[in-house]
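Reminder that position 1 of the sequence shown reads as 76 in my numbering, one-by-one numbering, no gaps. Using N, Cα and C, we set each Cβ at its ideal position, and we do this for glycine too. Here the structure is a predicted model, which is why all the values come from computation and not from measurement. What follows is a short report on a single structure.
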Amino acid sequence: SIDLRIGAGAFVCGEETALMASVEGKRGTPRPRPPFPAESGLYNCPTLINNVETFANVPPIIRKGAEWFAAIGTEKSKGTKVFALAGKINNTGLIEVPMGTTLRKIVEQMGGGAPDGGAIKAVQTGGPSGGCIPAEFLDMPVDYESLARVGSIMGSGGMIVMDETSCMVDVAKFFMDFCMTESCGKCIPCRVGTYQMKQLLELITKRAATPQDVAQLE
76 SIDLRIGAGA FVCGEETALM ASVEGKRGTP RPRPPFPAES GLYNCPTLIN NVETFANVPP
136 IIRKGAEWFA AIGTEKSKGT KVFALAGKIN NTGLIEVPMG TTLRKIVEQM GGGAPDGGAI
196 KAVQTGGPSG GCIPAEFLDM PVDYESLARV GSIMGSGGMI VMDETSCMVD VAKFFMDFCM
256 TESCGKCIPC RVGTYQMKQL LELITKRAAT PQDVAQLE
């Protein structure tokens, strides 16, 4: 049987130990490891914790075999990946593609390109802590290794498209504001650092920043 629980809903509860604390009715705050969940997890019991996408891949692998799954994707990034495609794009929604599919195919063929035939400026992957990939890399394959080379991550599969009307500083400020708001407040870099970076980005968007402010942000 499957027992569904509603968690706290905060972004930090995507971290496994914070998620388990939330299910237990506690504040969703990450804890140090070890002990790892496999040793002491939910209610101090050994716990197997994975994303729904991982569990969804298990039945077809059992039915068709590991070799079938390994034949999909690239040499190092196997299988498929589900992305939440959003932003300045004609077709939004959930898509599933083999690892190694080019960013251009995802954005232009599946997403339908930017509205009104506009040009793509960048694609952000990996959620709020991910990276923005400039349009010059649209022909890159989307896999773990390629994303790391351009300074981004796969993360949970978020993929937000920016077109030529998007201000990248506003985009950075939006994600920094999210990180600041969703911080659990446990550690100083996250609690104080996100606030300071948000203030610096505010100065840039208001055209009031100095070269020293930009250097401090970097």
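- Query: Got a sec, what are the start and stop residues for the beta strand (DSSP E) S199 sits in?
  - Reply: Here the question's residue 199 lines up with position 124 in the sequence shown. Before going further, note that residue 199 is Gln rather than Ser in the sequence given. I195 to T200 is the span of the beta strand (DSSP E), which, as asked, contains Q199.
- Within its chain, find whatever has a CB closer than 6 Å to the CB of T92; leave out the 5 residues flanking it on each side and keep chain order. For this step, residue 92 is matched to residue 17 along the sequence shown. So the qualifying residues of the chain are P105 and R106.
- Query: Taking the alpha helix (DSSP H) that D252 falls in, what are its first and last residues?
  - Reply: To locate residue 252, count along the sequence shown from 1; it is residue 177. Start and end: M243 to E257.
- Based on Cα-Cα distance, which residue from C262, S241 and E171 lies nearest to A194? As a working mapping, residue 194 is identified with position 119 in the sequence shown. Checking every option, the nearest Cα to that of A194 belongs to S241.
- Message: Going by DSSP in three states, D288 sits in which element: helix, strand or coil?
- Response: By one-based count along the sequence shown, residue 288 stands at place 213. Three-state result, D288: helix.
- Query: What's the gap between the Cα of G175 and the Cα of Y219?
  - Reply: If you number the sequence shown from 1, residue 175 lands on position 100. If you number the sequence shown from 1, residue 219 lands on position 144. So the alpha carbons of these two residues sit roughly 9 Å apart.
- Does the distance from the C-beta atom of S97 to that of G103 stay below 7 Å? The residue you call residue 97 lines up with position 22 of the sequence shown. The residue you call residue 103 lines up with position 28 of the sequence shown. Going by C-beta atoms, S97 is nearer than 7 Å to G103.
- Task: Express the C-alpha separation of L276 and K156 in angstroms, rounding to a whole number.
- Result: Within the sequence shown, residue 156 is the residue found at index 81, counting from 1. Within the sequence shown, residue 276 is the residue found at index 201, counting from 1. Near 33 Å, if we compare the C-alpha coordinates of L276 and K156.
- Task: Could you please give me the residues that DSSP links to E171 through a beta bridge?
- Result: Position 96 of the sequence shown, counted from the start, is the residue given in the question as residue 171. Paired residues: V157.
- Nearest-angstrom Cα separation, counted from A161 out to G168: Position 93 of the sequence shown, counted from the first residue, corresponds to residue 168. Position 86 of the sequence shown, counted from the first residue, corresponds to residue 161. In a straight line, the C-alpha of G168 is about 7 Å away from that of A161.
- Express the C-alpha separation of V289 and Q271 in angstroms, rounding to a whole number. Counting from 1 along the sequence shown, the entry for residue 271 is found at position 196. Counting from 1 along the sequence shown, the entry for residue 289 is found at position 214. So the alpha carbons of these two residues sit roughly 12 Å apart.
- Query: Since T200 and G233 are thought to touch, with beta carbons under 8 Å apart, how far apart are those beta carbons, to the nearest angstrom?
  - Reply: By 1-based counting over the sequence shown, the position of residue 200 is 125. By 1-based counting over the sequence shown, the position of residue 233 is 158. About 7 Å separates the two Cβ atoms, so the contact holds.
- Go ahead and pull the three-state DSSP assignment for C207. Working through the sequence shown from its first residue, we reach residue 207 at position 132. It is a strand residue.
- Query: On the three-state DSSP scale, how would you describe D218?
  - Reply: Stepping through the sequence shown from its first residue, residue 218 is reached at position 143. In this structure, D218 counts as coil in the three-state DSSP scheme.
- Query: On the three-state DSSP scale, how would you describe I279?
  - Reply: Position 204 of the sequence shown, counted from the start, is the residue given in the question as residue 279. Helix at I279.
- Item | Residue span of the beta strand (DSSP E) that contains V236, given as start and end | Along the sequence shown, read from residue 1 onward, the residue named residue 236 stands at position 161. Per DSSP, the continuous beta strand (DSSP E) segment holding V236 begins and ends at G233 to D238.
- Query: Residue range of the alpha helix (DSSP H) that E142 falls in?
  - Reply: By one-based count along the sequence shown, residue 142 stands at place 67. Residues A141 to A145.
- Item | Beta bridge counterpart(s) of G22 as assigned by DSSP | Here the chain comprises residues numbered 76 to 293, so residue 22 is not present and cannot be evaluated.
- Count the other CB atoms, across all protein chains shown, that sit within 10 Å of the CB of K196; report buried if there are 16 or more and exposed otherwise. For the purposes of this step, residue 196 is identified with residue 121 of the sequence shown, where counting begins at 1. By the 10 Å Cβ count, K196 comes out buried.
- In angstroms with no decimal places, state the Cα-to-Cα distance between C265 and K139. Taking the sequence shown and counting its residues from 1, one reaches residue 265 at position 190. Taking the sequence shown and counting its residues from 1, one reaches residue 139 at position 64. Spanning the two alpha carbons is a distance of roughly 44 Å.
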